[in-house]
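Structure, as structure tokens:
2 protein chains.
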Amino acid sequence: MSELESIEASLRKAGFKLTPQRRATVELLLKYQTQHLTAEEIYALLKQNHPNVGLATVYRTLDMLTDVQVVNKIIFEDGMVRFDLKTQDHGHFHHHLICNICGRVQEIHEDLLVDIEKEIKQKYRFEVADHRLTFLGICDRCRQKRIDKN
Amino acid sequence: MSELESIEASLRKAGFKLTPQRRATVELLLKYQTQHLTAEEIYALLKQNHPNVGLATVYRTLDMLTDVQVVNKIIFEDGMVRFDLKTQDHGHFHHHLICNICGRVQEIHEDLLVDIEKEIKQKYRFEVADHRLTFLGICDRCRQKRIDKN
DNA sequence: ATTGTTGCAAAGATTTTGCAATCTA
DNA sequence: TAGATTGCAAAATCTTTGCAACAAT
Chain A
1 MSELESIEAS LRKAGFKLTP QRRATVELLL KYQTQHLTAE EIYALLKQNH PNVGLATVYR
61 TLDMLTDVQV VNKIIFEDGM VRFDLKTQDH GHFHHHLICN ICGRVQEIHE DLLVDIEKEI
121 KQKYRFEVAD HRLTFLGICD RCRQKRIDKN
Chain B
1 MSELESIEAS LRKAGFKLTP QRRATVELLL KYQTQHLTAE EIYALLKQNH PNVGLATVYR
61 TLDMLTDVQV VNKIIFEDGM VRFDLKTQDH GHFHHHLICN ICGRVQEIHE DLLVDIEKEI
121 KQKYRFEVAD HRLTFLGICD RCRQKRIDKN
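For the record, the sequence lines run as chains A and B.
Under this note's numbering, the residue at position 62 of the first sequence is numbered 62, and the numbers go up by one with no gaps.
Under this note's numbering, the residue at position 85 of the second sequence is numbered 85, and the numbers go up by one with no gaps.
Structure follows, in structure tokens:
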């Protein structure tokens, strides 16, 4: 079963109808998997092939996909709301490196926090269900450019 | 020099005038240091003693305080923009535990990421300038309540 | 006195909602 | 066919801005 089919099955299972708009949105999210798109960006890309899709539908579809756990709704430090397909292999171990210079958002897929979560549980008696970890700084590309300039 | 005086000195140094509205805002942030207030919350609290302060002024004051590094503008997973006084002792080692049940935001003041930042730098050649770490889960209080119920 | 600052109201930006028309199952 | 879904426009939120009056240095 392809990833698309598996997502479509999740929707049906949750009792949602599979409309062309929803299918197109899921396909688009699959295509741009590595990126973190905003609702407006998704809307603009969708318009290219589906000129009369409405922005409200995009918002509603993204909400629904968030509900059924197909996408992650991520709010970064800049306050931008971005949507991101949840994929099996990435699971919940998914952190971000945000470059202060070029603004690029890089994902890293490894769990860095296993030991720290244990520590949190012991010290604060806090049951960790999920976490968000973001590093802000200067990415490799921008660092290289800086060196080149001098 | 009190914390208030030191903040007022920062403002003057940056060329800003010290108006009653600004002083009141800083005093309020000092008073509610442990909390993360939204602009609206700050506005409402301010109104109690300064009934004719404007919301726009609150936003402008908070922007200015962010510029001069007196407050942190933090955007959590819920998308709410919150403001938080930067204090010497807390520095940049300041993480959050957010309870999924009661919504309480708890700060923890220790640097958990020293080793991880080194790893990030080596693996991704990313120069870390700052970080944001948030744990989502169930706080001690809510966990206790759950146990009591059974 | 000069320049920054304020409050207000209007404008922006983003997201949500009401509703009649339309589609999916 | 029945109920969910859509597009549109209007509304709701949150934040910013223009401007004349005002206040801090």
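All C-beta atoms, glycine included, are put in the ideal place defined by N, C-alpha and C.
Specify, as a first and last residue, the run of the alpha helix (DSSP H) that L29 of chain A falls within.
-> P20 to K31
Buried or exposed for D78 of chain A, please, with buried defined as at least 16 other CB atoms from any protein chain shown within 10 angstroms of its CB.
-> exposed
Check distances from the C-beta atoms of the region 73-88 of chain A to those of chain B and list, in chain order, the residues that come in under 7 Å.
-> I75, E77, G79 and V81
Between which two residues does the alpha helix (DSSP H) harbouring K13 of chain B extend?
-> Element bounds for K13 of chain B: E3 to K13.
Beta strand (DSSP E) segment containing I75 of chain B, residue limits | Bounds of the beta strand (DSSP E) holding I75 of chain B are V71 to I75.
Taking Cβ positions, are F135 of chain B and F135 of chain A nearer each other than 8 Å?
-> no
For R143 of chain A, go through chain B and note every residue whose CB falls closer than 9 Å to its CB, in chain order.
-> R125, F126 and E127
Helix or strand or just coil, what does DSSP make of L136 of chain B?
-> strand
Using the beta-carbon of each residue, which ones in chain A are nearer than 9 Å to C102 of chain B?
-> Those within 9 Å of C102 of chain B in chain A number zero; the least Cβ separation is about 12 Å.
Cβ of G137 of chain B within 8 Å of Cβ of A129 of chain A?
-> yes
Are L65 of chain A and V58 of chain A touching if we call contact CB-CB under 8 Å?
-> no
Tell me whether R22 of chain B is buried or exposed, calling it buried when 16 or more other Cβ atoms sit within 10 Å of its Cβ.
-> buried
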